[in-house]
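Protein chains in written order, with our numbering: chain A, 1 to 137; chain B, 1 to 237.
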């Protein structure tokens, strides 16, 4: 695994659709938009304190994507000694895209998938800007 | 013996985002929560055991908890035991798939056929464990929102899973003590028509199931719990 890749950590939220948007956005970013610049890390490994996962967040900048105000992903990255490059809250992105109301946890509706795509695109744009030496994030 | 509150089984999934088996664990948990045993189960997001509060960490002490993990790291099982309480049972998707000869599970975002079968088999196993630990309740018996207790001072998790166990601060012998699950216990007693005047001993016994009560302070606890129960009943009338 390339240690210079940005670590992407969604929140694992299982109770509401916003958690599923977080997961879907992480896949969209890591599999479709920026597969060569990012690496996905499971948040459950940080809960456990798994050493490899901790090492990855300690040695690479992290993007966290959280579904609710508890901000579990961001908190656990910091708890693991990592640096959060970009802290994304799905509910804030939803506020900017009110027409895309996510529904469904096991299977997101079309609007939820579109919201995830928009969120992933925003993060990808930020990563590009950072890579070009910008300061947006 | 006190008439105990009906318990729900807690389901904690690893949701491991890196592997397709993590997706299976998540979807199997959701299938049990929403389709197979909706009235008997609750869940909590695993990371809340670290990122949340005491009410969240009390989850596995209050609910007999079954964990479901994607791989042999067993993050959900071990994490639950480390931060909340020992699970009553745990399932690992990889092991279920091997045992059932389901083939290679692939597609963490969109499961292949083996993955979909693994969801069904794992969910069925989970449902059987739920029945074992909390008994089977008819699917129509889902607890409605209006039946949930509403203690004003309750401190509950506010995560998207919304399942933190209520933790209340109670004044006991001049000090503040945090007690777990009080509103649930009070609701249960009130629904069974237990008047505050004759509930003291049974209330204390039930509270002791979920909380440590120092033996030398039992009388003070009984008095405080009874006072809170009286207030709870008065608030409901």
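Every residue, glycine too, gets a C-beta built ideally from N, C-alpha and C. A quick note: this is a predicted structure, and the numbers were derived from the prediction, not measured.
With respect to the alpha helix (DSSP H) encompassing residue i, which residues constitute its N-terminal and C-terminal limits?
i, result
"residue 39 of chain A", "From DSSP, residue 39 of chain A is part of no alpha helix (DSSP H) but of the beta strand (DSSP E) over 38–40."
"residue 22 of chain B", "20–31"
"residue 92 of chain B", "Where residue 92 of chain B is concerned, there is no enclosing alpha helix (DSSP H), although the beta strand (DSSP E) it sits in stretches over 89–92."
"residue 244 of chain B", "Past the boundaries of the shown model lies residue 244 of chain B; chain B is included only from 1 to 237, so the question cannot be answered."
"residue 55 of chain B", "54–57"
What is the C-beta distance between residue i and residue j, in whole angstroms, given that I count them as a contact (C-beta under 8 Å)?
i, j, result
"residue 21 of chain A", "residue 102 of chain A", "5 Å"
"residue 239 of chain B", "residue 62 of chain B", "Examination of residue 239 of chain B is not possible in this model, given that chain B is present from 1 through 237 alone."
"residue 68 of chain B", "residue 111 of chain B", "Rounded, the Cβ-Cβ distance is 15 Å, inconsistent with contact."
"residue 15 of chain B", "residue 44 of chain A", "6 Å"
"residue 6 of chain A", "residue 76 of chain A", "Not a contact, Cβ separation roughly 16 Å."
"residue 64 of chain B", "residue 10 of chain B", "7 Å"
"residue 28 of chain B", "residue 122 of chain B", "4 Å"
"residue 53 of chain A", "residue 64 of chain A", "Contact doesn't hold; Cβ gap of about 14 Å is too wide."
"residue 107 of chain B", "residue 93 of chain B", "Rounded, the Cβ-Cβ distance is 14 Å, inconsistent with contact."
"residue 172 of chain B", "residue 203 of chain B", "Not quite, the Cβ-Cβ distance comes to about 14 Å (not below 8 Å), so this is no contact."
"residue 41 of chain A", "residue 58 of chain A", "So it is not a contact: roughly 11 Å between Cβ atoms."
Once DSSP output is grouped into helix, strand and coil, what is the label at residue i?
i, result
"residue 157 of chain B", "Any reading at residue 157 of chain B must be qualified, since the residue scores a pLDDT of 41, below 50, and its modelled position is unreliable; no value is offered."
"residue 112 of chain A", "helix"
"residue 67 of chain B", "strand"
"residue 140 of chain B", "With a pLDDT of 38 at residue 140 of chain B, under the threshold of 50, the predicted position of this residue should be treated as unreliable, though the coordinate-derived value follows. Residue state, collapsed to three classes: helix."
"residue 105 of chain A", "coil"
"residue 100 of chain A", "coil"
"residue 77 of chain A", "helix"
"residue 147 of chain B", "Here the model assigns residue 147 of chain B a pLDDT of 30, short of 50, so the residue's position is not dependable and the matter cannot be decided."
"residue 223 of chain B", "helix"
"residue 193 of chain B", "coil"
"residue 172 of chain B", "strand"
"residue 130 of chain A", "helix"
"residue 152 of chain B", "Reliability of the predicted coordinates at residue 152 of chain B is poor, the pLDDT of 34 falling under 50, and no value is obtained from them."
"residue 125 of chain A", "helix"
"residue 165 of chain B", "coil"
"residue 180 of chain B", "strand"
"residue 215 of chain B", "helix"
"residue 187 of chain B", "helix"
"residue 200 of chain B", "helix"
"residue 86 of chain B", "coil"
"residue 209 of chain B", "helix"
"residue 119 of chain A", "helix"
"residue 36 of chain B", "helix"
"residue 235 of chain B", "helix"
"residue 4 of chain B", "With a pLDDT of 49 at residue 4 of chain B, under the threshold of 50, the modelled position of this residue cannot be trusted; read the value that follows with caution. If DSSP states are grouped into helix, strand and coil, residue 4 of chain B belongs with coil."
"residue 109 of chain B", "coil"
"residue 230 of chain B", "helix"
"residue 95 of chain B", "helix"
The beta strand (DSSP E) with residue i in it runs from where to where?
i, result
"residue 157 of chain A", "The shown model of chain A, from 1 to 137, leaves out residue 157 of chain A, and the question about it has no answer."
"residue 46 of chain B", "Run containing residue 46 of chain B: none; DSSP gives neither H nor E here."
"residue 129 of chain B", "Where residue 129 of chain B is concerned, there is no enclosing beta strand (DSSP E), although the alpha helix (DSSP H) it sits in stretches over 113–134."
"residue 10 of chain A", "6–10"
"residue 84 of chain A", "84–89"
"residue 238 of chain B", "The shown model of chain B, from 1 to 237, leaves out residue 238 of chain B, and the question about it has no answer."
Say the cut is 7 Å; is the CB of residue i nearer than that to a heavy atom of the ligand SAH?
i, result
"residue 24 of chain A", "The ligand SAH is not part of this structure, which contains no ligands at all."
Original post:
At a cut of 8 Å, does the stretch 116–132 of chain A reach the stretch 44–51 of chain B through at least three beta carbon pairs?
Top reply: At 8 Å Cβ cutoff, the stretches do not touch.
Original post:
Would the stretch 16–36 of chain A and the stretch 108–119 of chain A be scored as touching if the rule is three or more Cβ pairs under 8 Å?
Top reply: At 8 Å Cβ cutoff, the stretches touch.
Original post:
Pairing CB atoms from the stretch 110–119 of chain B with CB atoms from the stretch 93–101 of chain B, are three or more of them under 8 Å?
Top reply: These segments touch.
Subject >> Runs of beta strand (DSSP E) wholly within the stretch 33–73 of chain A (minimum 3 residues, chain order) >> reply: Counting only runs of 3 or more, we get 38–40, 62–66.
Original post:
Does the stretch 74–90 of chain B come close enough to the stretch 103–112 of chain A to have 3 or more Cβ pairs within less than 8 Å?
Top reply: By the Cβ test, the stretch 74–90 of chain B is not in contact with the stretch 103–112 of chain A, since fewer than three Cβ pairs between them sit closer than 8 Å.
Original post:
Okay, do the stretch 223–234 of chain B and the stretch 187–205 of chain B touch, 3+ Cβ pairs below 8 Å being the bar?
Top reply: In short, these stretches touch, since the Cβ pair count reaches three.
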